[in-house]
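Protein sequences appear in the order of chains X and F.
Sequence positions in the first sequence follow numbering that gives the first Met the number 0 and run 0 to 302.
Sequence positions in the second sequence follow numbering that gives the first Met the number 0 and run 0 to 335.
First up is the structure itself, then whatever we jot down about it.
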Amino acid sequence: MTETSIVILGLPASGKTTYLAALWHVLMSRELVTELKFDKLPMGDVKYLNRIAERWRDAYVQGRTALSGTHIVKLLLKDPSGEAVSLTFPDAPGEEFRDMWELRQCEPSIIEHIRSERVVLFIHADRIEAPRWVVDENRVIKRLEKAVDQVTEDDHSNQVEGESDIVDWTPKLAPTQVQLVGLLQLLAGAPLTVGPRRLAVVFSAWDLVADNMLTPEQFLAVNLPLLDQFLRNNANFWDVKCYGISAQGSKYDKDDQVTPCAGAIKAREHDLPSNRIKLVDGAETSSDLTRPLNWLLEKSASK
Amino acid sequence: MEMLPAPATSCANPMCRVSADGKCIEGLQLTECSQYGRLPDLSGMPAESAMEKPVVHLPSAQLLSVTELPILLRASSSQVIAIIGPTGSGKTSLIAAVYDLLQLSRLNGATYVASSTLHAFELACHDARAQSRRTTPYTVRTRRGDVRFYHVDLIGGVFDTRTTLLLGDRAGEEYELACDDASHFDDFAELHRADCLTILVDGKKLADTKTRHNTINNVTLTFQGLFERPSLLTGRRVALVLTKWDEVLAVEDSARVESSFNAIVERMNGLFGSQATVTGFIVAASPHGDSVSLGSGVSDLVEFWSQRRMAMAKVLSSPNTGRLFDHFDAAVESVL
Numbered sequence: 000m001t002e003t004s005i006v007i008l009g010l011p012a013s014g015k016t017t018y019l020a021a022l023w024h025v026l027m028s029r030e031l032v033t034e035l036k037f038d039k040l041p042m043g044d045v046k047y048l049n050r051i052a053e054r055w056r057d058a059y060v061q062g063r064t065a066l067s068g069t070h071i072v073k074l075l076l077k078d079p080s081g082e083a084v085s086l087t088f089p090d091a092p093g094e095e096f097r098d099m100w101e102l103r104q105c106e107p108s109i110i111e112h113i114r115s116e117r118v119v120l121f122i123h124a125d126r127i128e129a130p131r132w133v134v135d136e137n138r139v140i141k142r143l144e145k146a147v148d149q150v151t152e153d154d155h156s157n158q159v160e161g162e163s164d165i166v167d168w169t170p171k172l173a174p175t176q177v178q179l180v181g182l183l184q185l186l187a188g189a190p191l192t193v194g195p196r197r198l199a200v201v202f203s204a205w206d207l208v209a210d211n212m213l214t215p216e217q218f219l220a221v222n223l224p225l226l227d228q229f230l231r232n233n234a235n236f237w238d239v240k241c242y243g244i245s246a247q248g249s250k251y252d253k254d255d256q257v258t259p260c261a262g263a264i265k266a267r268e269h270d271l272p273s274n275r276i277k278l279v280d281g282a283e284t285s286s287d288l289t290r291p292l293n294w295l296l297e298k299s300a301s302k
Numbered sequence: 000m001e002m003l004p005a006p007a008t009s010c011a012n013p014m015c016r017v018s019a020d021g022k023c024i025e026g027l028q029l030t031e032c033s034q035y036g037r038l039p040d041l042s043g044m045p046a047e048s049a050m051e052k053p054v055v056h057l058p059s060a061q062l063l064s065v066t067e068l069p070i071l072l073r074a075s076s077s078q079v080i081a082i083i084g085p086t087g088s089g090k091t092s093l094i095a096a097v098y099d100l101l102q103l104s105r106l107n108g109a110t111y112v113a114s115s116t117l118h119a120f121e122l123a124c125h126d127a128r129a130q131s132r133r134t135t136p137y138t139v140r141t142r143r144g145d146v147r148f149y150h151v152d153l154i155g156g157v158f159d160t161r162t163t164l165l166l167g168d169r170a171g172e173e174y175e176l177a178c179d180d181a182s183h184f185d186d187f188a189e190l191h192r193a194d195c196l197t198i199l200v201d202g203k204k205l206a207d208t209k210t211r212h213n214t215i216n217n218v219t220l221t222f223q224g225l226f227e228r229p230s231l232l233t234g235r236r237v238a239l240v241l242t243k244w245d246e247v248l249a250v251e252d253s254a255r256v257e258s259s260f261n262a263i264v265e266r267m268n269g270l271f272g273s274q275a276t277v278t279g280f281i282v283a284a285s286p287h288g289d290s291v292s293l294g295s296g297v298s299d300l301v302e303f304w305s306q307r308r309m310a311m312a313k314v315l316s317s318p319n320t321g322r323l324f325d326h327f328d329a330a331v332e333s334v335l
């Protein structure tokens, strides 16, 4: 049996846990044909996987991993040739990775978790914070004010910037692409480097941006140009493939939701929950969430 | 006993500081967050504070000191750019514009490879960004002290190989001291190693009739001080940069300002051309309005920075200069 670990990387609320929940359902249910197939239950407790998969099937939003800490997930699978494969990956809170960028530190246990040559980087496709400039915002405000003034004849020309309004810089305010580049640079240098790595970039909530008609690679170049430049220019270190994944297909209910939302209702209507899932790989579309993992396994990133 | 309702500013996520800053730690709207308004469950948390947990420290992303440069200079082809000018002339804004143009893929084909000063770049850009909640773009003043460097590796466009760009940023007050006493230039370590000197001329002050003559005089003082220190000027490319072009365009006679600037360039070449060739540039690094785009003119300046040092053979053949790199190490030692 081949034993492999995979790093699951992503900022908070980037969709890591939702992916794992849907993945566990797809593997266990065997509703679909997948590249990697379920082999047997791992030794020990699968409570975490079962709980998150239950919430996924019931169309409820996942709880924050920050509250429950890191969970080590182990899957016993078969690869396309029928060989047994054991995959281990930690579902760590996104806050751990954000602290690496912001505070320039991490816990020793996280270092062990990110030592693999195989990395999945989750990016929530609809929550990318791009850099925005004061002059651009002012332009928009002026247009809006002009439209309002035409109706109300108010004068907005004497607005003064109050000192209490100004926000001081913290690393958390950096654009998404900068935080991700910063994170990947840390993984490529001491003390975290393990040499060249294979990187599956997964854009989660892909359904929310699918109307752009872009492939995941094009989406990366258009919406995260600095990250795109970094990955292209460091191709000797990062072997990259991009995917768009919608593991939910729609919005799910929160725990305290009284009236189910339309997305949750729609999700529950599928006779096969796996049919909620969409994965985009270049020009191909499927529901096979194992494709990024199989690609990571296909050959080692190191020479 | 009746349970009191959780305060509206609480959050079930113990790491969230919404009660202090009013913001969701996940970046969600408060109405979207399923934890907001609930009390955190601390029953499983250890009694010790988080500060006592062991941590592994990772490389800083702040500005680099002079002593941190040699390792970068040895690693790849490099360009050290000394950026000097009076307080408020736009040194840090210029550096921020280079970085922001990279973020937008608008640096004439030059693309990002790496940087060890990402936090520093972001801090430099912050007050011109919408997240600062400012209504006018602003750049925080560089603190006094020794020169600090921003670092970015570029490739593509005019950078046919991976090139380490080190941009030296020094407080304007120290430049002003050097205008009054040119011996201070000897302490500017970045000048000793610079592949290109970039001297800024405040466009807003050049456009103002009350300040334009002193602005021009300061340029002459700078060049004279450098001219009398041949090791600092000889063989180096010099960019003379008119900043705040958007503010120049806002005055009635911007053409006169441009003509005045071109005359300064010509005069400097006339007076000091035996040691260095001065090339003029006009930029608007962080425009306040719509008259010019963000970073206008900066790409041309970066292309100039990319050029290899002219007359390198002439410098190397001069007595007592030694290898350029050794020169920098000596300069580092002298200021430590």
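Note that beta-carbon positions come from the ideal geometry of N, C-alpha and C, so glycine has one too.
### Task
Return the CA-CA distance between residue 2 (chain X) and residue 191 (chain X), expressed in angstroms with no decimal places.
Approximately 21 Å, taken between the alpha carbons.
### Contact belief for residue 137 (chain X) with residue 134 (chain F) at Cβ below 8 Å, rounded distance in angstroms
Contact between residue 137 (chain X) and residue 134 (chain F) holds: CB atoms are separated by about 7 Å, below the 8 Å threshold.
#### Entry: From X:171, X:75, X:110 and X:36, residue whose alpha carbon lies closest to that of residue 23 (chain F)
Nearest C-alpha to residue 23 (chain F): X:171.
### Query
Near residue 205 (chain X), which residues of its chain fall below 7 Å by C-beta distance, leaving aside the five closest residues on each side in sequence?
Annotation for residue 205 (chain X): 124, 243, 244, 245, 277 and 279 place their beta carbon closer than 7 Å to its own, counting only its chain and skipping 5 residues before and after.
### Message
So residue 52 (chain F) contacts chain X; which residues on that side make the cut at Cβ distance below 7 Å?
### Response
For the C-beta of residue 52 (chain F), the chain X residues within less than 7 Å are, from N- to C-terminus, 106.
### Task
Can you have a look at residue 70 (chain F) and say buried or exposed, based on whether 16 or more other CB atoms are within 10 angstroms of its CB?
Classification of residue 70 (chain F): exposed, given that the 10 Å Cβ count is below 16.
### Message
Taking 6 Å as the limit between beta carbons, can you name the residues of its chain near residue 93 (chain F), skipping five residues before and five after?
### Response
284.
### Query
With DSSP run on the structure shown, which of helix, strand or coil describes residue 278 (chain F)?
The answer is strand: DSSP assigns residue 278 (chain F) an E or B state.
### Query
When the Cα atoms are used, what is the spatial distance from residue 7 (chain X) to residue 24 (chain X)?
Cα to Cα, residue 7 (chain X) sits roughly 18 Å from residue 24 (chain X).
### Message
Within 10 Å of its beta-carbon, does residue 99 (chain X) have 16 or more other beta-carbons around it, so buried, or fewer, so exposed?
### Response
Around the beta-carbon of residue 99 (chain X), 16 or more other beta-carbon atoms lie within 10 Å, marking it buried.
### Meets three-Cβ-pair contact criterion under 8 Å: the stretch 154 to 171 of chain F and the stretch 77 to 95 of chain F
With the rule of 3 Cβ pairs closer than 8 Å, the stretch 154 to 171 of chain F counts as touching the stretch 77 to 95 of chain F.
### Query
Apart from the five residues on each side of it in sequence, which residues of its chain come closer than 6 Å, Cβ to Cβ, to residue 295 (chain F)?
Cβ neighbours of residue 295 (chain F) beyond the five flanking positions: 283.
### Cut-off 6 Å between Cβ atoms - residues of its own chain near residue 70 (chain X), not counting five sequence neighbours on either side
Within the same chain, 47 and 90 come within 6 Å of residue 70 (chain X) by CB-CB distance, once the 5 residues on both sides are set aside.
### Query
Can you find a C-beta in chain F that's less than 8 Å from the C-beta of residue 7 (chain X)?
So, not an interface residue.
### Task
Taking only beta-carbon positions, decide if residue 127 (chain F) is within less than 8 Å of chain X.
For residue 127 (chain F), the answer is yes, since a Cβ of chain X falls inside 8 Å of its Cβ.
### Task
Measure the C-alpha to C-alpha separation of residue 83 (chain F) and residue 238 (chain F) and round it to an integer number of angstroms.
Taking the straight line from one Cα to the other gives about 11 Å.
### Message
Using a Cβ-Cβ cutoff of 7 Å, what residues of the stretch 150 to 166 of chain F are near chain X? List them in chain order.
### Response
With the criterion set as a beta carbon lying under 7 Å from some beta carbon of chain X, the members of the stretch 150 to 166 of chain F are 154, in sequence order.
### Task
For residue 89 (chain F), decide whether its Cβ has a neighbour in chain X, counting only Cβ atoms nearer than 8 Å.
It does not: the Cβ of residue 89 (chain F) has no partner Cβ on chain X nearer than 8 Å.
### Query
Under the DSSP definition of a beta bridge, which residues are partnered with residue 81 (chain F)?
Looking at the DSSP assignment, residue 81 (chain F) forms a beta bridge with F:167 and F:196.
#### Entry: Backbone CA spacing between residue 171 (chain F) and residue 85 (chain F) [nearest angstrom]
The alpha-carbon atoms of residue 171 (chain F) and residue 85 (chain F) are separated by roughly 4 Å.
### Task
Can you say whether residue 298 (chain F) is buried or exposed, counting buried as having 16 or more other CB atoms within 10 angstroms of its CB?
By the C-beta density criterion, residue 298 (chain F) is buried, having at least 16 other C-beta atoms within 10 angstroms.
#### Entry: Helix, strand or coil at residue 282 (chain X) [DSSP, three-state]
The answer is coil: DSSP assigns residue 282 (chain X) none of H, G, I, E or B.
### Task
Report the residue from X:40, X:176, X:250 and X:53 whose alpha carbon sits nearest the alpha carbon of residue 264 (chain X).
Among X:40, X:176, X:250 and X:53, the Cα nearest to that of residue 264 (chain X) belongs to X:250.
### Distance CB(residue 305 (chain F))-CB(residue 187 (chain F)) smaller than 8 Å
No, the pair does not count as a contact, with Cβ atoms beyond the cut-off.
#### Entry: Neighbourhood of residue 16 (chain X) by C-beta, 7 Å cutoff - its chain only, sequence neighbours within 5 removed
So the list reads 51, 61, 64 and 90, once near-sequence residues are dropped.
### Task
State the DSSP-derived secondary structure class of residue 95 (chain X), mapped to helix, strand or coil.
Residue state, collapsed to three classes: helix.
### Task
Take the Cβ of residue 232 (chain X) as the centre, count every other Cβ of all protein chains shown within 10 Å, and call the residue buried at 16 or more, exposed below.
Burial state of residue 232 (chain X) is buried, judged by a 10 Å Cβ sphere holding 16 or more other Cβ atoms.
### Query
With DSSP run on the structure shown, which of helix, strand or coil describes residue 70 (chain X)?
Strand at residue 70 (chain X).
### Task
For residue 308 (chain X), decide whether its Cβ has a neighbour in chain F, counting only Cβ atoms nearer than 8 Å.
Since the first residue shown for chain X is 0 and the last is 302, residue 308 (chain X) is missing from the structure and cannot be characterised.
### Task
Check whether the Cβ of residue 134 (chain F) lies closer than 8 Å to any Cβ atom in chain X.
Proximity of residue 134 (chain F) to chain X, defined by a Cβ-Cβ separation below 8 Å, is satisfied.
### Query
Among X:234, X:269 and X:236, which one has its Cα closest to the Cα of residue 248 (chain X)?
Here the closest residue by C-alpha is X:269.
#### Entry: Where residue 100 (chain X) falls: helix, strand or coil (DSSP)
Assigned with DSSP and collapsed to three states, residue 100 (chain X) falls in helix.
### Task
Output yes or no for whether 8 Å exceeds the beta carbon distance between residue 152 (chain F) and residue 138 (chain F).
In this structure, residue 152 (chain F) sits away from residue 138 (chain F), with a CB-CB distance that is not shorter than 8 Å.
### Query
For the alpha helix (DSSP H) that residue 266 (chain F) lies in, which residues bound it at each end?
Here the alpha helix (DSSP H) through residue 266 (chain F) covers 253 to 271.
### Task
Write down every uninterrupted run of the alpha helix (DSSP H) in the stretch 205 to 242 of chain F whose length is 4 residues or greater and which is fully enclosed by it, in chain order.
Runs found: 211 to 226 and 229 to 232.
### Query
Can residue 72 (chain X) and residue 88 (chain X) be called in contact, C-beta distance under 8 Å?
Yes; because the gap between Cβ atoms is below 8 Å, this pair is in contact.
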